[in-house]
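Letter by letter, the sequence shown follows residues -21 to -1, 1 to 1186 of mature numbering (1 follows the signal peptide of the UniProt record, and there is no 0).
Here the structure comes first, spelled out in structure tokens, and everything after it is commentary.
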Amino acid sequence: MHPYFQLVFFSLLLRIPLALGDCVDLGLGMEDGEIPSDRVTASSEQSANTPAKNGRLKYTSGSSWCAGTGDTNPYLQIDLQTIHIICAVSTQGNSKADQWVKDYKLQLSTDGTCWRDYKEGGQVKVLRGNSDRDTTVKHVIYGVSTRYLRFLPQTQQGGVCMRTEVFGVRQERVCEMKAIGLATGGAIPDSSFTASSYYDNRYKASYGRLNENNRGWAPKTMANPADFLQIDLLHNYVICSVATQGANGIKEWTTKYKIQLSLDGITFFTYKENNIAKVFTGNSNQNGIIKNNLQEFASAKFIRFWPTAFSVWKALRVEVYGIIPTKDCTTEAIGLATDGTIPDISFTATSYYDNRYKPSYARLNGNNRGWAPKTTTNPADFLKIDLLHKYAICAVATQGANGINEWTTNYKIHLSLDGITFFTYKENNTDKVFPGNSDQNSITKNSLKEFSSAKFIRFLPTAYYSWKVLRVEVYGIVPTKVCKMEAIGLATGGAIPDSSFTASSYYDSRYQPSYGRLHGNNRVYQLRKFDTMLHFYNKLQVFPGNVDQNNITKNSLKEFSSAKFIRFQPTAYNSWKALRVEVYGIVPTKACKMEAIGLASGGAIPDSSFTALSYYDNRYKASYGRLNGKNRGWAPKNTTDPADFLQVDLLYEYVICAVATQGANGINEWTINYKIHLSLDGITFFSYKENNIDKIFPGNSNQRDIIKNNLREFASAKFIRFQPTAYYNWKALMVEVYGILLTKVPTADDPSDWNVQCFFYGVPSQPPADFNLTASSSTSIIASWQLPPVLARHGRNITGFKLFYKEKSSAGLETTLLINSESTLSQNVVGLDKNTEYEFHILAFTSDGDGPKTPVKVERTKEDAPSAPLSFAYKEVAPNKMHGPRLNLTWSKPAEANGIIRSYTLFYANKDGETKQSVGGDAFSYLVDVLGGVTYHFYITAVTIKPGQNATFSVKTKEYEPSRGPENVLSIEIERTEYQLSWNGLPREVANGFIKIYQVRLLLKESCFSVDASFNSTFNTTKTEMLLSSLSICSRYEVSVRAFTAAGPGPYSEPLVIQTLGEVWSREKPSPAKFSSDGGITAKITLPNFMGHASFFQIIVITYRSDYNGVVNPPADFTTQELMTYEEAHKSPLPAAYVTFQFGGNDFNNHQEFTVGDGVQSNGKIRSKRSNGEEYYYNRPLHPNTNYRVFLRAFVTELCAMKSTKT
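Right under this line is the structure:
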């Protein structure tokens, strides 16, 4: 683009003359009173002296506005009456007292009902207020379009008091100014005008044109309430306004009326606002024009004016204002489908079944199930979507559940502008029940015959198959963004005045410059010379002109150009250089400088769009170069390369109007000056210039402040580079770019969005359709698409496609695949990394250049088998009382996971068998019980969708001492001094190695003889049994067993006690009993020999009756409690024992021949007996017919097991 044209066109593009000051200086009427007092309101007023109307900047006649002292949420509200673009706000304190607001927030509303907070960088902005009474504090604000504005004080000094001003410009809706052509001289023919009736030939339907010189239209009578004037508009229009007059030349007019709209001329709908038929205010005289704007946009090809009140007679002359939609509304998806622009949080519902059926899964063509309510029994269940903006709703589409046979067969829709009050969509004044689906995946689309306006929509299933399930899309357009490109006004009757036409010279008065209007009837001016021509891609562009005198030749500019002045310079001609001209274009508004493209934190430009020549480290990635970002920002690797740049792909071509920068976040680093470079193709970049000199922009002087610079020469770019030229500490940047999207070339008959959207005819104006990605393997992805829509090809053949892709997490540049074929509609991209996300987008191109790219789509290559786990190793764990030897196996993740590691599988084996064990994918160690001294082979593999390669090692485990002694140690008496010993062999789990020998330990604990108390012996064997012989009689032994491995002995088993008996004392039989001389009975016996040394002896007698047939067992020990007196024993019905005699150990020989019952008193010590205390023992006589058993008990100092047998 030639800089000359950019410079001279600048002021025209702003729409407002530069002499009026910038937008931030255009006060909207608080200070000067242009905003009426009744439009300034507040949440409360402190008193009658502090009303809301006093909240005007520089008001000094009294106190400012002050809120009531009890108001916890105060605000001052201003109604601007129409939508305005707000550029700045100013505040002051109370001029009459030390009261001011220290900081505040702003809230915005287009309807006075729904409010939103003003935000910057995605965060609610708290604006700094005042610190004294009178200083004015002004803040520039960005991207605000509103009718109502509230100041919400947050903190204050002395009281909540403030004076305010708002700066901006009124946002004109082009639509409301575009007459369709019903007025006199308009494009709508007489034949389009019909009526229910007309009064006479002075009041024909075709006379119902605004400014008509005839009377106008009037019906036959005044009595028919259904009278109407109908006009066929010839095309489907979005209707924005209507205007009326009364009759011409006579005092008759319509004071009130309704309008009815139709797309087909058969079915008409009454226009409504807030779901109530709108009654428009008509005329109060015959010639004044009353224009009414439609608050809810409506679409129609036919319109009827229906008088409801009148003065003298129903008379009308009319005009309609509107625009032909630039797009087929029913094909404009709002963005609910998968990958759509409507976020998940916009989807809500009365309930949902479970996490497989969330509301946000209700996206058309979504991979999830869809939305389904908790039950099927609630007829009021609905799916609700916040569309974020007000749309004219033209169509809806539905699918059933993904992957299961569930769908909705019928449904209704409810619409709302505020999300609170909903209305059921009706056709023919009846709730419309839409046909839904008959299977799970087919899409059923329904067009709305009555266009409706909504910001919120609800889908209410009324019939279903199996379950109420929905996936949905909504189709519509944002009414305020629909417009039609217009001729600027050079043609005959155009808005450009004659004085605007000049020339280097003209032939004579018949060829004056002002005659150079398209369609003009005068001669045209002839050019003698011209100085400057338009350049495209740095090449001089020569346009083809005419081949005859009247046909119009139109040329579209392939490169967007901005200008206030334009020159036509003939370079070839027929007969003479003669011209009649028109220029087509639009006036970009000042909103351009406030339209952030979306580089800032939370913006629409993806991370993948940010690249750089280098970056310092991961704290300074290119994608961190976003304004207000929470990361450091972007910084290059070093500060020595003057060519360092941060580059951003804006995804589409924009007119660039402003740029903004910050320094690093959290550290004192910033860029002081910088240049910008612009490009349309990402290859050839041009330095932005002003006055034909590279522009050096002033950057930052600290790390956080935002410095915004407006471009004085408008520039078009799809790619932008920021090149630091001076810096503090380091080149660090966070950036935003401001501009307006170009999607169509501005031509006279080619519609375009209000914000300057342009592409030239030679290239596709839309990207390829149905762009989809499918992972075909772990290293390949198939991209598929369809040709751009027919109308977007502009009659040109598609030369081919450019498919762009890159790893999602990579900061590198994209790879481009060139597909030079219109018929190739898929591409298998190979050589990709396994299980890795890639970003793809595609464009179509012709011989004239590239069309727009599709939005970025992301697909992950399939999972594959992983590589072997790394660092597979072990650590030995010694045995303890709780467990035997172990190995602690450890490993780390595979170098190439190639998917989600779902588990690890362990195999380990020895010669006796193998074991398989699975552990979780987040486990990196495992304890294995092993046997000591055994060779093991270990294998481990990671598992994704399938197992990967093995890591392996082999190890011979260490031998340890056994953990315990043998169990179940038993002895069997073979002879009095010989025992057979046996035990269980140690299991391998506790042996901790191979058993070499068992060792038996024999400890002598007690004996009836004088022996060495420390006596012990050990015996070794390889068996689990042993014969113990040559033991001492009358002795007690403890026997323990332990095992030995190569590492040494383990602990002994629990001791086993072996008690050997003494020799039998005597085998003599007692003599027969006989009666003594005193009548008693005695029996003579020989006591057994006693081999040991006793302290004393007792003769114990057990008595039992002759008729007793039970078992008579001697007591194991003769304790005092078990012994009775002589008398007690003979009275007992059961066997009983008593001591009959006691004598000293040295008297054994004197008593070996002993007579039982001879009545001799014991000469030993007194003994304590159970019944009657201390007595001498008397060898009392035996009783007749009584059985006796006699025992000798010896009392020794050592334990002795020697006892006599019974006598």
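The C-beta atom is built at its ideal place from N, Cα and C for all residues, glycine as well.
These figures come from a predicted structure and were not determined experimentally.
* Asked: From A1026 to N947, what does the alpha carbon distance come to, in whole angstroms?
  -> 24 angstroms
* Cross-strand partners of H118 (DSSP beta bridge) -> V68
* Kindly indicate which three-state DSSP category K237 falls into: helix, strand or coil? => strand
* I think L625 touches A601, with their Cβ atoms under 8 angstroms apart; what is that distance to the nearest whole Å? -> 6 angstroms
* **Simplified DSSP state of R489, which is helix, strand or coil** => helix
* Asked: In whole angstroms, what is the alpha-carbon distance linking P677 and L592?
  -> 22 angstroms
* In angstroms with no decimal places, state the Cα-to-Cα distance between residue 1187 and A762. => Examination of residue 1187 is not possible in this model, given that the chain is present from -21 through 1186 alone.
* Asked: Over what stretch of residues does the beta strand (DSSP E) that includes K1110 continue unbroken?
  -> Going by DSSP, K1110 is part of no beta strand (DSSP E) but of the alpha helix (DSSP H) stretching over 1105 to 1110.
* When DSSP builds the beta bridges, which residues end up paired with T590? -> Q626
* **Collapsed DSSP secondary structure at N162 in the structure displayed** => Strictly speaking, residue 162 in this sequence is Ala, with Asn absent from that position. Looking at A162 - three-state DSSP - the assignment turns out to be coil, as it is neither helix nor strand.
* Three-state secondary structure (DSSP) at C140? -> strand
* Asked: For residue 1215, which residues of its own chain have a beta-carbon under 6 angstroms away from its beta-carbon, when the five flanking residues on both sides are left out?
  -> Since the first and last residues shown for the chain are -21 and 1186, residue 1215 lies out of range.
* Asked: Could you give the C-beta distance for K697 and E632, rounded to a whole number, given that I count them as a contact under 8 angstroms?
  -> 5 angstroms
* To do: To the nearest angstrom, report how far apart N971 and Y1031 are at their CA atoms.
  => When rounded, the distance between both Cα atoms is 15 angstroms.
* **the region 41 to 60 contacting the region 17 to 26, beta-carbon criterion three pairs below 8 angstroms** => With a cut-off of 8 angstroms, the region 17 to 26 and the region 41 to 60 count as touching, because enough Cβ pairs lie within range.
* According to DSSP, residues forming a beta bridge with G892 -> N889
* Coarse secondary structure for Y250, derived from DSSP in three states -> In this structure, Y250 counts as coil in the three-state DSSP scheme.
* **Proximity winner among G1123, L1171, T1065, relative to A1116 (alpha-carbon distances)** => L1171
* **Residues of its chain near L981, where Cβ-Cβ distance is below 7 angstroms and the 5 sequence neighbours each way are ignored** => N995, S996, L1007, Y1016, V1018
* Asked: Can you list, in chain order, the residues of its chain whose CB lies under 7 angstroms from that of V412, leaving out five sequence neighbours each side?
  -> Excluding sequence neighbours, V412 sits near N389, K391, T441.
* Asked: When burial is assigned at 16 or more other CB atoms within 10 Å of the CB, is K369 buried or exposed?
  -> By the C-beta density criterion, K369 is buried, having at least 16 other C-beta atoms within 10 angstroms.
* In whole angstroms, what is the alpha-carbon distance linking G1152 and Q1100? -> In this predicted model, G1152 has a pLDDT of only 49, less than 50, meaning its place in the structure is not dependable enough to derive any value.
* Throw me the rounded Cβ distance for the E574 and I719 pair, which I believe falls under 8 angstroms. => 6 angstroms
* Which residue or residues does DSSP assign as beta-bridge partners of K353? -> K353 pairs with nothing; no bridge assigned.
* **Opening and closing residue of the beta strand (DSSP E) in which F1127 lies** => Run containing F1127: none in the beta strand (DSSP E); it sits in the alpha helix (DSSP H), 1127 to 1130.
* Local conformation of D82 per DSSP, three classes -> strand
* Asked: According to DSSP, what are the bridge partners of C219?
  -> Note: C219 sits in no beta bridge, so no partner.
* To do: Compare the beta carbon distance of F824 and T778 with 8 angstroms and say whether it is the shorter of the two.
  => yes
* Three-way DSSP call (helix, strand, coil) for N1166 in this model -> strand
* **Collapsed DSSP secondary structure at R881 in the structure displayed** => DSSP places R881 in coil when its eight states are reduced to three.
* Would you please state the rounded distance, in angstroms, between the beta carbons of E298 and L213? I believe it to be under 8 angstroms. => Wrong, their Cβ atoms sit about 15 angstroms apart, outside the cutoff.
* To do: For P338, name the three-state secondary structure that DSSP assigns.
  => Helix, per DSSP.
* **Beta-carbon separation (whole angstroms), T260 vs K235, contact threshold 8 angstroms** => 7 angstroms
* **As assigned by DSSP and simplified to three states, the class of Q505** => At Q505 the pLDDT is 31, less than 50, meaning the model places this residue with poor confidence and gives no usable figure here.
* To do: Rounded to whole angstroms, what's the CA-CA distance from Y595 to S789? Just pull it up for me.
  => Those two C-alpha atoms are separated by around 15 angstroms.
* Compute the minimum distance between the beta carbon of G382 and the heavy atoms of the ligand FAD, and state whether it is under 7 angstroms. => With respect to the ligand FAD, the structure offers nothing, as it holds no ligand at all.
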